[in-house]
Amino acid sequence: MRIALSTALISAAAIALTLTACNKNAENKPNFESAINSYYQVHPTCLWSDPQQFPVQIGHSDPKTAQYDALVDQGLLTRTTSEKKVIIISKQQNNYDVSEKGRGAWTPDSSQPGYGNFCYGHRKVSSIDGYTPTNSQPGATTTVQYHYTIGDVPAWAQAAETQTAYPQLRDQLSPTPQADSVKMTNTQNGWQVG
Numbered sequence: 002m003r004i005a006l007s008t009a010l011i012s013a014a015a016i017a018l019t020l021t022a023c024n025k026n027a028e029n030k031p032n033f034e035s036a037i038n039s040y041y042q043v044h045p046t047c048l049w050s051d052p053q054q055f056p057v058q059i060g061h062s063d064p065k066t067a068q069y070d071a072l073v074d075q076g077l078l079t080r081t082t083s084e085k086k087v088i089i090i091s092k093q094q095n096n097y098d099v100s101e102k103g104r105g106a107w108t109p110d111s112s113q114p115g116y117g118n119f120c121y122g123h124r125k126v127s128s129i130d131g132y133t134p135t136n137s138q139p140g141a142t143t144t145v146q147y148h149y150t151i152g153d154v155p156a157w158a159q160a161a162e163t164q165t166a167y168p169q170l171r172d173q174l175s176p177t178p179q180a181d182s183v184k185m186t187n188t189q190n191g192w193q194v195g
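Residues in the sequence shown are numbered from 2 upward in steps of one, following our numbering.
Next up, the structure:
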């Protein structure tokens, strides 16, 4: 009798755990992790905080020259030179444009033709560290603290030249998980970022 009762309790606990895990609206770490990973799967991590326009023309002494040249070295941009006359003085200019290879890594901005970004990976949650108490009802919100790493990183972003030119890229790709927090809302379809 005691064995049968223990087996029944274990089965009931397993069923309850399974039902909780299957409920996308439940306030728990697996649901938060899944929602954050899903969000960043369609919102990649990109090189610039704002979309950039190409082609672009800049002077040789512009600080962006070193950054753009690192992308030329990786085959993402092409560079040509030209002269620009300002009154009676000629200045050397670098002309940069997205290369054929670069078009495969370029993410165009649908709201601004000619603008876009080089995206280099997706955040992947490594741990859910905490969240503000809430409930499992649609419309509820919470702030989730988590750590993440960047996955799916292409070779051009891992290159030393690119990481030297873009120090924030090197920081983002550190093997040490980065900390962040995000506001989440409980919807009819489960927890979502935003």
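A virtual CB, placed ideally from N, CA and C, is assigned to each residue, including glycine. Fair warning: this is a prediction, and the values are worked out from it, not measured in the lab.
Q) G103 and P52: beta carbons closer than 8 Å? A) no
- Item | Proximity winner among Q54, T144, K85, S91, relative to L78 (alpha-carbon distances) | Q54
(message) To the nearest angstrom, how far is the alpha carbon of V194 from that of V73?
(response) 35 Å
Kindly identify the DSSP beta-bridge partner or partners of N187.
W192
- request: Could you pull out every residue in the same chain whose Cβ sits closer than 6 Å to the Cβ of T108, ignoring the five residues on either side in sequence?
  value: G117, N118, C120
Original post:
Taking the beta strand (DSSP E) that Q58 falls in, what are its first and last residues?
Top reply: 57 to 60
* Going by the CB atoms, is the gap between A166 and Q68 shorter than 8 Å? -> yes
According to DSSP, simplified to helix, strand and coil, what is I90?
strand
Exercise. Under three-state DSSP, which class holds Q159?
Worked result: helix
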